[in-house]
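Protein chains in written order, with the UniProt record's numbering: chain H, 1 to 187; chain E, 1 to 441.
In this text, a Cβ means the ideal position worked out from N, Cα and C, and glycines have one as well.
All figures in this text were calculated on a predicted structure; none of them were measured in a lab.
In what follows, a structure is listed as structure tokens, so that the remarks can point back to it.
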């Protein structure tokens, strides 16, 4: 998705987290025994299952709630979730794929210019916060989009939001603010 | 005597009279005969008083003991740091407010002590007194992460907008911790504190200009700057041989591990600038650069400009030769022409001959066809942070996944690859049993 400027900005979605329910109780010991690529964590009460084809890690709880992380797009997350549900079905559980929801999307983007963080924080006072001794990036939270943007002085930004559309809108919203606080590349 | 205000709870009549049965005072309803109240409580209001017992017996509420202790701690910290009375009062006000807020009233005493430190920190910042979080965490002997968390929460609750402290402001205060004056150390290692701090501040400014300070913890950088300033103010063989370890022992400060890396980085920058010194015959290496540091710092800006110009001049012919053999691309066009324009602008500003600028504007036209690694501006400029110079290459898998819709058919054979065969399951269970038995024995 491009910004509204002349240069195209590459927004690279690096992680999508989604949850869904299987509507039935799952026996974690059975899954741990009969599934490949699984890690059983009895102290926490969950099983981690890793799929190869969409590269996804799923946390499976015995209540039937499953969280999938590691996908690079919303559709891929759905495909991985369905594959996982199918896998559990084959293991013998009466699985019904329901309540699929993308919970969090993490994207990174690189500006072609460096950013002067102190000016950026001053211009956007309550919305942006910057503590150089604690974290090297300034945090900018957009309330209505529920998106959080971390701005680094090298020009890279990371955006987290509830879905890909919000993330893209957030980048478009923040781009003009970043552009006016840019630092000349050297010095 | 009848009490007109009293009502009998049983029949509701107001005809209630005092009576004394067996010398026990009683209040009896005349109409139905039920006893309304009796004994010592005969004259008490029925149903209890309007004012509850607790309220009538309460004494004036004393302020919490820990709050008072905390305020004393705040005062003590202000005295140690030597701040003025305005900051002391402000920090006490903040502490009072924050302590009584629901997110801090029930936390552990350790956290309350950290909160006291944060109040002092925020008051100093609001009144433009330069102080770093490192100082406060040393003072409290607290975990810096905990300090950071409490600080952020407190600022959110009290809604304070504290200005950001720059490293150069904190530098002078930090320098005072280093005991290097003639009274503390032998003559050949002593240094006037003002000279030292001035020199160190200049080094830190240079580091800030060349991307060494951004995103890094301030204390190791300050330590590195002071160490190099101390060495360069009197670059004798003895001083140059001193390692960071020994220096910290001499100055009686705690050594920061990351300072070593910062020292290497600052020395690299000094070497790059040292190369541009016009009157130097010998080549500049990290070993002999310390002699030149005084000159480098004096002519800092001129040397920086010169170094940047040399770097750009070196890049432009490379750009031209590579573009002769390559194709044009739309995005890199804009990026490259932008870069060439910038460099020609800079060259035009700093160069004296017109012929030079004409030649470079020619190169600009041919430079438009140059191929560039677009966002990686780290390769194009002389000074850049390490994360940009060694940028991670992104996984280019996007085109492959474009046709995924999420609702496709998943074949059985694919799913079977995720499930163990019964034989494998039995083997796995057996192996687990053997391993666990072996562990037990």
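Going straight from the alpha carbon of residue 282 (chain E) to that of residue 132 (chain E), what length do you get? 41 angstroms
If contact means a Cβ-Cβ distance below 9 angstroms, which residues of the segment 136-157 of chain H contact chain E? 136, 137, 152, 153, 154, 155, 156
Using the three-state DSSP reduction, which class does residue 437 (chain E) fall into: helix, strand or coil? helix
Based on DSSP bridge pairs, tell me the residues matched to residue 149 (chain E). None; residue 149 (chain E) has no bridge partner.
DSSP three-state call for residue 232 (chain E): helix, strand or coil? helix
Leaving aside the five residues before and after residue 19 (chain H) along the sequence, list all residues of the same chain whose C-beta is less than 8 angstroms from its C-beta, in chain order. 65, 66, 67, 68, 99, 100, 101, 103
Since I believe residue 60 (chain H) is in contact with residue 46 (chain H) (beta carbons under 8 angstroms), could you give me their beta-carbon distance rounded to a whole number of angstroms? 6 angstroms
Minimum C-alpha distance to residue 193 (chain H) - residue among E:413, E:150, E:288: No answer is possible for residue 193 (chain H): the residues shown for chain H start at 1 and end at 187.
Taking the alpha helix (DSSP H) that residue 68 (chain E) belongs to, which residues open and close that run? 65-81
Give the interface partners of residue 132 (chain H) over in chain E, defined as CB-CB distance under 7 angstroms, in chain order. 164
Residue from H:181, H:148, H:44 whose Cα sits closest to the Cα of residue 116 (chain H): H:181
Can you give the beta carbon distance from residue 233 (chain E) to residue 295 (chain E), rounded, assuming they're within the 8 angstroms contact cut? Not confirmed; about 13 angstroms, so no contact.
Taking the alpha-carbon of residue 219 (chain E) as reference, which of E:148, E:71, E:167 has the nearest alpha-carbon? E:167
Going by beta-carbon coordinates alone, are residue 179 (chain E) and residue 251 (chain E) separated by less than 8 angstroms? yes
Tell me the DSSP secondary structure of residue 309 (chain E) in three-state form. helix
Please decide whether residue 119 (chain H) counts as near chain E, where near means a Cβ-Cβ distance under 8 angstroms. no
Using the three-state DSSP reduction, which class does residue 63 (chain H) fall into: helix, strand or coil? coil
Using Cβ-Cβ distances below 7 angstroms, what residues of the segment 66-89 of chain H are close to chain E? 72, 73, 75, 76, 78, 79, 82, 83, 86, 87
Kindly list the residues whose CB is nearer than 6 angstroms to the CB of residue 62 (chain E), restricted to its own chain and excluding five residues on each side of it in sequence; keep chain order. none
Rounded to whole angstroms, what's the CA-CA distance from residue 455 (chain E) to residue 121 (chain E)? Just pull it up for me. The first residue shown for chain E is 1 and the last is 441, placing residue 455 (chain E) beyond what the model contains.
Nearest to residue 15 (chain E) (by Cα), restricted to the options E:433, E:33, E:25: E:33
Please determine if the segment 148-167 of chain E and the segment 182-190 of chain E are in contact, where contact requires at least 3 C-beta pairs separated by less than 8 angstroms. no
I need the boundaries of the alpha helix (DSSP H) containing residue 166 (chain H), first residue and last residue. 164-180
The segment 120-140 of chain H in contact with the segment 16-23 of chain E per 3-pair CB rule at 8 angstroms: no
Closer than 8 angstroms, CB to CB, is residue 428 (chain E) near chain H or not? yes
Range of the contiguous alpha helix (DSSP H) that encloses residue 151 (chain H): It is not in any alpha helix (DSSP H) - residue 151 (chain H) instead sits in the beta strand (DSSP E) that spans 147-151.
Can you say whether residue 435 (chain E) is buried or exposed, counting buried as having 16 or more other CB atoms within 10 angstroms of its CB? exposed
Please name the residue, chosen from E:37, E:388, E:138, E:108, that lies closest to residue 81 (chain E) on a Cα-to-Cα basis. E:138
For residue 38 (chain H), name the three-state secondary structure that DSSP assigns. strand
Would residue 130 (chain E) and residue 173 (chain E) be called neighbours here (beta carbons separated by less than 8 angstroms)? yes
Looking at residue 420 (chain E): is its Cβ nearer than 8 angstroms to the Cβ of residue 35 (chain H)? yes
Burial state of residue 199 (chain E) (16 or more Cβ within 10 Å): buried
Residue ranges of each alpha helix (DSSP H) run of no fewer than 4 residues wholly in the segment 112-160 of chain E, ordered along the chain? 133-140, 144-158
With distances taken Cα to Cα, identify the nearest neighbour of residue 286 (chain E) among E:304, E:269, E:202, E:422. E:269
Closer than 8 angstroms, CB to CB, is residue 36 (chain H) near chain E or not? yes
Just checking, does the segment 139-149 of chain H make contact with the segment 161-178 of chain H on the three C-beta pairs under 8 angstroms criterion? yes
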